[in-house]
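Presented below is the structure to which this report refers.
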Amino acid sequence: MAEGSSVQSHGVKMLSLVEKLEDLKAALENDTYIDVILQSLPPSCNPFIVNCNMNGLENYSLVINMLVQYESNLIMTAQHKRKLDDHENAQIWHARLGHICKDRIRKFVDSKSLEIEDLDHLPTCESCLKGKMTKKPFVGQSAIANGLLHLVHTDVYGSLNTLAEEDSRTS
């Protein structure tokens, strides 16, 4: 089996080979079928091969079914990733760092923490604009204390009675 090809098609191929051997009256033992199936797998299936050998599976059709399940659980990674534009890279870092301003991003670029070439043409962030549009200005005036004890914050409700151990009340 070639690396990256479908395990399901490989399993179907192996099952058809087993059936052909049985039709030719040259059937082998289940252990031999399992060994042939496991040896035909690519190196990326080594964890599956170790698992089958440790569990001592005796039915080749069960091995093929488990192999198909194993393939569905695999996560394939891309070999080639597309390169981000500087604008996209700057926008991503702007969002990752909590929507910081251009001056702070420029400090990261100057300190060689980020590699962004063209920071001046960075488009405005829609999330930042929406956040600025929904802010309401604070118009309230707070009282300023002019003298000693002029402005006192008190607990209007008073102390609460709480239960302590052994049902005794404290105040």
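In the working numbering, the protein residues as written are -14 to 156. Quick reminder that beta carbons are idealized off the backbone N, C-alpha and C, glycines included. Model, not experiment: these values are computed from the prediction.
Rounded to whole angstroms, how far is the Cβ of Ile101 from the Cβ of Ala80, which I believe are closer than 8 Å? Translated into the one-based positions of the sequence shown, residue 101 becomes position 116. Translated into the one-based positions of the sequence shown, residue 80 becomes position 95. Here Ile101 is actually not in contact with Ala80; their C-beta atoms are around 14 Å apart, not less than 8 Å.
Once you ignore the five residues that flank Glu43 on each side, which residues in its own chain have a CB closer than 8 Å to its CB? Translated into positions along the sequence shown, residue 43 becomes position 58. Taken in chain order, the residues that qualify are Asn15, Asp16, Ile19.
Using the Cα positions of Ser46 and Glu4, report the straight-line distance between them to the nearest angstrom. For the purposes of this step, residue 46 is taken as the residue at position 61 of the sequence shown. For the purposes of this step, residue 4 is taken as the residue at position 19 of the sequence shown. Taking the straight line joining both Cα atoms gives about 11 Å.
DSSP three-state assignment for Ser(-9), whether helix, strand or coil: Taking the sequence shown and counting its residues from 1, the one referred to as residue -9 is at position 6. Three-state DSSP puts Ser(-9) in coil, outside helix and strand.
Ile129, buried or exposed, once every other Cβ within 10 Å from all chains shown has been counted against 16: The residue labelled residue 129 in the question sits at position 144 within the sequence shown. Taking every protein chain shown into account, the CB of Ile129 has fewer than 16 other CB atoms within 10 angstroms, so this residue is exposed.
Can you tell me whether Ala11 is helix, strand or coil according to DSSP? Here residue 11 refers to the residue found at position 26 of the sequence shown. For Ala11, the three-state secondary structure derived from DSSP is coil.
Whole angstroms are fine: how far does the CA of Ala12 sit from the CA of Ser1? Position 16 of the sequence shown, counting from 1, holds the residue named residue 1. Position 27 of the sequence shown, counting from 1, holds the residue named residue 12. The alpha-carbon separation between Ser1 and Ala12 amounts to approximately 13 Å.
Rounded separation between Ser(-10) and Val35 - CA only: The count along the sequence shown starts at 1 and reaches residue -10 at position 5. The count along the sequence shown starts at 1 and reaches residue 35 at position 50. Between the alpha carbons of Ser(-10) and Val35 lies a distance of about 20 Å.
Under the three-state reduction of DSSP, which class applies to Asp88: helix, strand or coil? As a first step, residue 88 is located in the sequence shown; it is residue number 103 there, counting from the start. If DSSP states are grouped into helix, strand and coil, Asp88 belongs with the helices.
Just how far apart, CA to CA, sit Tyr55 and Trp78? What you label residue 55 is simply residue 70 of the sequence shown in a count that begins at 1. What you label residue 78 is simply residue 93 of the sequence shown in a count that begins at 1. Here the alpha carbon of Tyr55 sits roughly 36 Å from the alpha carbon of Trp78.
Do Val(-8) and Val48 have their C-beta atoms within less than 9 Å of each other? Counted from its first residue, the sequence shown places residue -8 at position 7. Counted from its first residue, the sequence shown places residue 48 at position 63. No; because the gap between Cβ atoms is not below 9 Å, this pair is not in contact.
For Ala80, three-class secondary structure by DSSP: As a working mapping, residue 80 is identified with position 95 in the sequence shown. Helix.
Verify whether the separation of the beta carbon atoms of Leu104 and Lys87 is less than 9 Å. On the sequence shown, position 119 is the one that residue 104 refers to. On the sequence shown, position 102 is the one that residue 87 refers to. Yes.
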